[in-house]
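Numbering (the working numbering), first residue to last: 31 to 349. Accompanying notes for the structure given below.
Okay, structure coming up:
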């Protein structure tokens, strides 16, 4: 572990906070002057760090590129008012990519910094739409065998595409084109969330009845985006790994509400007490998984945990 890598970590964290504050859910025009001062200070720190070390250090190139980006791509101060939000959003996206590249270099040096999960309304809409559509598919169409065989085909396809992405330029370009609009920045360098989601579908489809699969899908589809949107905008009380109390509470409340709707439509044989307890059991289990999903992608951990929580609570209730 190099001295430069150790010195880079606090600067990387400062860039992480800068990008989070540039997120559309937080950005306000009144913050522009303070933001410019932060950018200038970060650029100065990076320039001084690079000047003190040998040019053959592995981190010198990404730090130099990041320093140039901070200095040269910052929006001009005299832009027309109507162009300011777009310019800062474009700058934020450039910083996201550069930060994730730096994060990859730091991970190679055994130094961990948090990933970025910016507001992406297209991703949130796709998340909810796919989740709710799959609830309908599970409840209305799939047999017990199909519940895991159909996802297995999709998961196998995604894992093959992941292999192609990591070993061929053509595969990498294709997947970036296919998932680019809804992908998080870190997914350029790690297994795509869709691949983990497909894997989770195989697991829950093989282990659990339609009730538990449907609740897991509804919770992942609706509660996870709600937690992200609310946490980024109003999250003040930090819990674990950049997650907030406000976002976690939103996850549980929205997840429980979605579960109650699913049970009201397809599982009318359950009493209201059973529905409420099972719904909150699934939502709390999914919320805990989301809270502690640092090394495991939450598109895998949330549905598996929510389905397991639903199953355990239903078993205890004899439902």
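Every residue gets a Cβ at the ideal spot worked out from N, C-alpha and C, and that includes glycine. This one's a predicted model, so the numbers in the text were calculated from it and none came from an experiment.
Neighbourhood of residue i by C-beta distance below 8 Å, restricted to the same chain and skipping five residues each side
i           : result
residue 159 : 251
residue 42  : 129, 132, 133, 136, 143
residue 248 : 161, 162, 165, 285, 288, 289, 291, 292
residue 261 : 273, 274, 276, 277, 278, 280
residue 87  : 32, 34
residue 39  : 136, 141, 143
residue 84  : 90
residue 138 : 88
residue 114 : 59, 62, 105
Bridge-paired residues (DSSP) for residue i
i           : result
residue 274 : 268
Contact under 7 Å by Cβ, residue i with residue j
i           : j           : result
residue 321 : residue 278 : yes
residue 324 : residue 271 : yes
residue 232 : residue 182 : yes
residue 154 : residue 54  : no
residue 238 : residue 310 : no
residue 234 : residue 156 : no
residue 229 : residue 185 : yes
residue 105 : residue 121 : yes
residue 332 : residue 316 : yes
residue 300 : residue 349 : yes
residue 347 : residue 304 : yes
From the options, residue whose alpha carbon lies closest to that of residue i
i           : options            : result
residue 290 : 312, 272, 275, 273 : 312
residue 171 : 143, 244, 56       : 244
residue 221 : 191, 284, 246      : 191
residue 142 : 132, 179, 319, 58  : 132
residue 345 : 308, 333, 336, 327 : 308
residue 253 : 318, 349, 236      : 318
residue 187 : 78, 226, 269       : 226
residue 82  : 114, 119, 35, 58   : 35
residue 296 : 75, 84, 169        : 169
residue 335 : 314, 95, 140, 59   : 314
residue 224 : 303, 282, 189, 266 : 189
residue 74  : 84, 150, 45        : 45
residue 117 : 140, 59, 343       : 59
residue 339 : 294, 326, 282, 298 : 282
residue 150 : 119, 139, 195, 326 : 119
residue 326 : 298, 145, 175, 114 : 145
residue 90  : 57, 61, 64, 37     : 37
residue 107 : 63, 138, 180, 343  : 63
Own chain residues within Cβ distance below 6 Å of residue i, not counting five before or after
i           : result
residue 93  : 76, 80
residue 353 : The structure shown does not extend to residue 353, since the chain is modelled only from 31 to 349, so the question has no answer here.
residue 57  : none
residue 302 : none
residue 180 : none
Own chain residues within Cβ distance below 7 Å of residue i, not counting five before or after
i           : result
residue 236 : 178
residue 265 : 274, 276, 277
residue 267 : 274, 275, 276
residue 96  : 76, 128, 132
Sufficient close CB pairs (3 or more, under 8 Å) joining the segment 49-63 to the segment 119-129: Taking 8 Å as the limit for Cβ pairs, the verdict is that the segment 119-129 does touch the segment 49-63.
Three or more C-beta pairs below 8 Å linking the segment 69-86 and the segment 95-104: yes
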